[in-house]
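Reading the sequence shown from the start, the letters are residues -11 to 181 in this note's numbering.
We put the beta carbon where it would ideally sit given N, CA and C, even for glycine.
Shown next, in structure tokens, is the structure this report addresses.
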Amino acid sequence: MRNERIRYLIVPGWHGSDDAHWQSHWQRALPNAARVQQQDWITPRHTDWVAELDREIRREPGRVVLIAHSLGCVTVASWAARADRRTLAQVEGALLVAPADVERETCHEALRNFAPIAAQNLPFPAVLVGSDNDAACSPQRALILGRTWGAETVILPSAGHINVKSGHGAWESGYRHLYRLQYLIDQQSRQRA
């Protein structure tokens, strides 16, 4: 996945992604990787998180691939629904891992201000990776979000919330989904040429 012209932008979820989280491992391993730093990881505000993502993308001089987890996925979808065309054009694609269903009944109160979830196709290629036993998003809901966002969707067996707690530290097997996203990005580029 070495492409010097692409900047990988890590978009963590609620509480951020600590040093053992796969997003942190990937940030260290991928060339040209950076992370969105939210002001408040504990009591997130939807408008603040979307605005910070927008600022980070605008800071980038070139093209960006977003790598989002949990609440970060919802933030990406919300941002894409509101962003201007010029900024949207900077994003080549998004890997959306274990999206948080902030509309579910059991959603933590701190996350409810992110509802409703943006309900339109993302204007760039996307791969959504869910799990069949994620307490934050059922596999059925992950499939619906994938269709809604126009993302190619994969449901992993027994992967939980795809974080350290579910046994996904470095999550090296997850790179195959990033490679798939790169393929979709390349395919779209060839179709436009």
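Residue pairing by DSSP puts tyrosine -4 in a beta bridge opposite Ala21, Val53. Rounded to whole angstroms, the separation of the alpha carbons of glycine 138 and alanine 8 is 31 Å. Contact between leucine 54 and alanine 82 holds: their C-beta atoms lie close to 4 Å from each other, under 8 Å. For the options Ala65, Ser119, Asp72, Leu76, the alpha carbon positioned closest to that of glycine 50 is the one of Leu76. Serine 119 carries a strand assignment under DSSP once its states are collapsed to helix, strand and coil.
Nearest in C-alpha terms to glycine 1, of all of Cys125, Pro104, Ala98, His57, is His57.
Around the beta-carbon of aspartate 28, fewer than 16 other beta-carbon atoms lie within 10 Å, marking it exposed. Under the three-state reduction of DSSP output, valine 38 falls in the helix class. Residues Pro87, Leu116, Gly118, Thr141, Ile143 of the same chain have their beta carbon placed closer than 7 Å to that of alanine 130, with the five preceding and five following residues left out of the count. Two segments are said to touch when three or more pairs of C-beta atoms, one from each, lie closer than 8 Å; by this definition the segment 60 to 72 does not touch the segment 157 to 175. Annotation for threonine 136: the continuous alpha helix (DSSP H) segment containing it runs 127 to 137.
According to the DSSP assignment, threonine 141 belongs to the beta strand (DSSP E) that extends over 140 to 144. About 15 Å separates the CB atoms of glutamate 80 and isoleucine -2; that is not less than 8 Å, and the two are not in contact. The segment 30 to 38 and the segment 95 to 102 touch, with no fewer than 3 CB-CB distances between them shorter than 8 Å.
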